[in-house]
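Visitor:
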Amino acid sequence: MSYLQKFKTFSLVASSIIADNKFNLVRVLYWRIGFSPVFSNPRFYGTKKAPQSGECGNSTTGSGNGHRISRAIRKEAQDALLEYLHSTRGIQFMDAENMSKNSPIFLAKLLGRVENEGEIGRSITRFLRYHPINEFEPFFESVGLQPAEYNEFLPREVMFLSDDDLLLENYHVLCNYGIERNKIGKIYKEATQIFLYDYGVLLSKLKAYEELGLDQPTVVQFVVCSPCLLVGGVNNGFVKVLDKLKNIGFEPSWVEEQLLDGHSYNWKQILGLLFWFKHMGCSDEKLADLIRLRPDFLFEDSGSKSLSLIGLLLKMGSPMMQIYSVFLQFPQMRVGKFISNIRQCLLFFNEIDMGVQQIGYLFRSHPLLLGSCTLKKTNSLLSILNVGKKRLCQFILENPEELKNWRLGTRVLPLPDNGEVVRSKQQKTQFLLKLGLEENSSKMKEAFKAFRGKGEELQERFNCIVEAGIDEKDVCRMIKISPQILNQSKDIIEIKIDLLVNTFGYPVSSLVNSSSYLSYSVQRVTLRLSMYSWLKERGAADPTLALRTVVACSENRFLKQYVNHHPEGMEVWENLKREIYSDS
1 MSYLQKFKTF SLVASSIIAD NKFNLVRVLY WRIGFSPVFS NPRFYGTKKA PQSGECGNST
61 TGSGNGHRIS RAIRKEAQDA LLEYLHSTRG IQFMDAENMS KNSPIFLAKL LGRVENEGEI
121 GRSITRFLRY HPINEFEPFF ESVGLQPAEY NEFLPREVMF LSDDDLLLEN YHVLCNYGIE
181 RNKIGKIYKE ATQIFLYDYG VLLSKLKAYE ELGLDQPTVV QFVVCSPCLL VGGVNNGFVK
241 VLDKLKNIGF EPSWVEEQLL DGHSYNWKQI LGLLFWFKHM GCSDEKLADL IRLRPDFLFE
301 DSGSKSLSLI GLLLKMGSPM MQIYSVFLQF PQMRVGKFIS NIRQCLLFFN EIDMGVQQIG
361 YLFRSHPLLL GSCTLKKTNS LLSILNVGKK RLCQFILENP EELKNWRLGT RVLPLPDNGE
421 VVRSKQQKTQ FLLKLGLEEN SSKMKEAFKA FRGKGEELQE RFNCIVEAGI DEKDVCRMIK
481 ISPQILNQSK DIIEIKIDLL VNTFGYPVSS LVNSSSYLSY SVQRVTLRLS MYSWLKERGA
541 ADPTLALRTV VACSENRFLK QYVNHHPEGM EVWENLKREI YSDS
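Each step along the sequence shown adds one to the number in UniProt numbering, with nothing skipped, and position 21 is 21.
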């Protein structure tokens, strides 16, 4: 080949390489003549910048350059693309027409690369003469796939449809069989391998389903909804489902009517659900009545929602006959919504610390109620009901029907006080009166909010501090200063006092002026006092520091004023911290 011939070949190849990262066109011809691609994201040479992805998302309103596309311009562009695909590239007229009319995103991209001056049709024709396109892009878009869906299917080393004769052959088989072109993309996405079948194979698979007694339109509907039917031999699960349903009175045409466009179906899973209904003691006659009334049990998400419900109720200990009864009395709602509600109830029961046995009891005794209620969030219910978790659990077990009054969109009222609540309030009032607060005063109301727990529990915690060796009047004064110290259990208070007195050697009286000590966690006071003791032993800290100074100051201040005064202080602090908190 002469130098001039090589130059002409290279020029033609270079102009045909579309390197917009959305086109993914082949670069292989570069290497045939000893060149390597030098642009990581090259553009059409001599054209405007490629549009960004967001610029051509709506083909009916704008082109790649942001201008609105009029109907006339769009029609001209479609005609020019059709002429190129059919006359120049030799694609069958019906295929070329479908590609030109049903690939709006690709068309908008193309318009963004030509000057919208004069006749747009001529501009596109001239552009395509020197810039061949990746024909797989408008092809995949025209059969119903979006760019995000078909990008993974774009061939890496070919750009012309004529290079993939099996793809076109099997595409034509589906078209000629009666499958709409815009639905073939779904088939390609879910069963790509069928487009690799040799000549005659795909048609034989379609005919195999006709031999089962299905007419052609019915086969078309089944194949569109279940492309996997064309993979391998005749789908065994599909055949068994049709046979089972036919035995109880449902013809394939009825099954066809239940299938929704855009959905896919797992026939093996549907067959499994039919088995479970049989296993629950459902006779053929009752099963027919149930399916006729609620076909969504079988066909919503291929029966997976119904199977999830069966599995959940089995885990909760429900017997088979009771589960069957749930389906017979099913409320007028989708199975998916029912299972969502029942899972929300399970989450709610867990979040209020209900016992496993109690949860199982509610699921066995009131499954329909639980599946019919879309409950409010747990925190919202606890706040609105003005109740603790323990009492709420007991209330639900005694009044499960009240759950339907706590649904989203309903006005929830606080639970009425029971005898125990009234008694607790009286005990708390008596306790606060002993502290010197006046009944019904503002301070009394503030104290009610500050103190958590029943009246008898508050008194028990108060007595615990007195019994440690502090005068009752001093304890009253401590509580007025730091009321939160009584919001801990008696056991925790005893642990903190024992640490202070028996581990770190402080007199119990030191609590009188440092009552906040009892407010902090066991880990915090242990860490602070351990570090302070280590510093005192090495003369790096004032031995007369008040307890509240050591415990109450912020960590940054404690490190800066005390720990950092010793060269090994930070290392000891980190070791103590790791040891103390790892044990908690």
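From the three backbone atoms N, C-alpha and C, an ideal C-beta is built for every residue, glycine too.
The structure presented is a predicted model; accordingly, all values stated were derived computationally and were not measured.
Taking the Cβ atom as the reference point for each residue, do Leu-287 and Ile-339 lie within a distance shorter than 9 Å?
Guide: Counted from its first residue, the sequence shown places residue 287 at position 287. Counted from its first residue, the sequence shown places residue 339 at position 339. Result no, Cβ atoms of Leu-287 and Ile-339 do not sit closer than 9 Å.
Visitor: I'd like the ranges of any beta strand (DSSP E) spanning at least 3 consecutive residues and lying wholly in the segment 208-266.
Guide: If we require 3 residues or more, the segment 208-266 turns out to have no beta strand (DSSP E) run fully inside it.
Visitor: For the alpha helix (DSSP H) that contains His-172, what are its first and last residues?
Guide: Sequence index remark: in the sequence shown, residue 172 carries index 172 (1-based). Start and end: 165-177.
Visitor: Which term fits Gly-200, buried or exposed, when burial requires 16 or more other beta carbons within 10 angstroms of its beta carbon?
Guide: Along the sequence shown, one-based indexing puts residue 200 at 200. With fewer than 16 Cβ atoms within 10 Å of its Cβ, Gly-200 is classed as exposed.
Visitor: Measure the Cβ-Cβ separation of Ile-179 and Val-224 and say whether it is below 9 Å.
Guide: By one-based count along the sequence shown, residue 179 stands at place 179. By one-based count along the sequence shown, residue 224 stands at place 224. Yes, the pair counts as a contact, with Cβ atoms nearer than the cut-off.
Visitor: Would you tell me roughly how many angstroms separate the C-alpha atoms of Trp-573 and Met-531, rounded to the nearest one?
Guide: Indexing the sequence shown from 1 puts residue 573 at position 573. Indexing the sequence shown from 1 puts residue 531 at position 531. Straight-line Cα distance between these residues: approximately 7 Å.
Visitor: Which same chain residues, not among the five before or five after Asn-182, have their C-beta less than 7 Å away from its C-beta?
Guide: Along the sequence shown, read from residue 1 onward, the residue named residue 182 stands at position 182. Cβ within range, chain order: Asn-102, Val-143, Gly-144.
Visitor: List the DSSP bridge partners of Leu-375.
Guide: Here the question's residue 375 lines up with position 375 in the sequence shown. Paired residues: Arg-407.
Visitor: Name the residue from Tyr-150, Val-231, Phe-136, Arg-89 whose alpha carbon lies nearest to the alpha carbon of Lys-128.
Guide: On the sequence shown, position 128 is the one that residue 128 refers to. Position check: residue 128 holds Leu in this sequence, whereas Lys was assumed. It is Arg-89 whose Cα lies nearest to the Cα of Leu-128.
Visitor: Got a sec? Which residues, its chain only, sit under 8 Å from Leu-259 by beta carbon, not counting five neighbours each side?
Guide: The sequence position of residue 259 within the sequence shown is 259, counting from 1. Only Gln-221, Phe-222, Cys-225, Tyr-265, Phe-299 meet the Cβ criterion.
Visitor: Could you check whether Leu-500 and Leu-511 sit closer than 9 Å to each other, using their CB atoms as the reference points?
Guide: If you number the sequence shown from 1, residue 511 lands on position 511. If you number the sequence shown from 1, residue 500 lands on position 500. Against a cut-off of 9 Å, the Cβ pair of Leu-500 and Leu-511 comes out as a contact.
Visitor: Under 8 Å by Cβ, that's how I've got Glu-460 and Lys-490 pegged, so tell me the actual separation to the nearest angstrom.
Guide: Against the sequence shown, residue 460 aligns to sequence position 460. Against the sequence shown, residue 490 aligns to sequence position 490. Contact holds; Cβ gap of about 6 Å.
Visitor: Please state whether DSSP places residue 586 in a helix, a strand or coil.
Guide: Outside the modelled stretch of the chain, which goes from 1 to 584, sits residue 586, for which no answer is possible.
Visitor: Going by DSSP in three states, Asn-513 sits in which element: helix, strand or coil?
Guide: On the sequence shown, residue 513 is found 513 positions in, with the first residue counted as 1. Correct three-state label for Asn-513: coil.
Visitor: What number of angstroms, rounded off, separates the C-alpha of Trp-276 from the C-alpha of Leu-309?
Guide: Counting from 1 along the sequence shown, the entry for residue 276 is found at position 276. Counting from 1 along the sequence shown, the entry for residue 309 is found at position 309. Their Cα atoms are separated by approximately 12 Å.
Visitor: Can you tell me whether DSSP reads Tyr-199 as helix, strand or coil?
Guide: The count along the sequence shown starts at 1 and reaches residue 199 at position 199. Coil at Tyr-199, not helix or strand.
Visitor: Would you report the Cα separation of Phe-327 and Ser-253, rounded to the nearest angstrom?
Guide: Within the sequence shown, residue 327 is the residue found at index 327, counting from 1. Within the sequence shown, residue 253 is the residue found at index 253, counting from 1. Rounded to whole angstroms, Phe-327 to Ser-253 spans 25 Å at the Cα level.
Visitor: In terms of alpha-carbon separation, which member of Lys-109, Phe-153, Leu-230, Phe-330 lies closest to Leu-293?
Guide: Mapped onto the sequence shown, residue 293 falls at position 293. Nearest option by C-alpha distance: Phe-330.
Visitor: Cβ atoms of Ile-91 and Glu-135: under 9 Å apart, would you say?
Guide: For the purposes of this step, residue 135 is taken as the residue at position 135 of the sequence shown. For the purposes of this step, residue 91 is taken as the residue at position 91 of the sequence shown. Taking 9 Å as the Cβ cut-off, Glu-135 and Ile-91 qualify as a contacting pair.
Visitor: For Pro-138, name the three-state secondary structure that DSSP assigns.
Guide: Here residue 138 is taken as the residue at index 138 of the sequence shown, counted from 1. Helix.
Visitor: Do you know whose CA, among Gly-317, Leu-242, Phe-250, Glu-251, lies nearest Ser-365's CA?
Guide: Within the sequence shown, the letter at position 365 stands for residue 365. Ranking Gly-317, Leu-242, Phe-250, Glu-251 by Cα distance to Ser-365 puts Gly-317 first.
Visitor: Can you list, in chain order, the residues of its chain with a C-beta nearer than 7 Å to that of Cys-464? Leave out the 5 residues immediately preceding and following it.
Guide: Residue 464 sits at position 464 when you count from the first residue of the sequence shown. So the qualifying residues of the chain are Lys-490, Ile-493, Glu-494.
Visitor: Determine, using beta carbons only, whether Lys-189 and Glu-149 come nearer to each other than 9 Å.
Guide: Counting from 1 along the sequence shown, the entry for residue 189 is found at position 189. Counting from 1 along the sequence shown, the entry for residue 149 is found at position 149. Contact flag set, yes.
Visitor: Among Leu-274, Tyr-506, Val-563, which one has its Cα closest to the Cα of Arg-538?
Guide: To locate residue 538, count along the sequence shown from 1; it is residue 538. Nearest of Leu-274, Tyr-506, Val-563 to Arg-538, Cα basis: Val-563.
Visitor: Short check: CB of Leu-168 to CB of Asp-95, under 9 Å?
Guide: Residue numbering aside, residue 168 sits at position 168 when the sequence shown is read from its first letter. Residue numbering aside, residue 95 sits at position 95 when the sequence shown is read from its first letter. Result yes, Cβ atoms of Leu-168 and Asp-95 sit closer than 9 Å.
Visitor: Which residue marks the beginning of the alpha helix (DSSP H) containing Met-321, and which one marks its end?
Guide: Numbered from its first residue, the sequence shown carries residue 321 at position 321. From DSSP, the alpha helix (DSSP H) with Met-321 extends over 320-328.
Visitor: I'd like to check one pair, Leu-362 with Leu-370: are the Cβ atoms closer than 9 Å?
Guide: One-based indexing of the sequence shown puts residue 370 at position 370. One-based indexing of the sequence shown puts residue 362 at position 362. Yes. Within cutoff.
Visitor: Which of helix, strand or coil does DSSP assign to Cys-345?
Guide: Within the sequence shown, numbered from 1, the residue matching residue 345 stands at position 345. Looking at Cys-345 - three-state DSSP - the assignment turns out to be helix.
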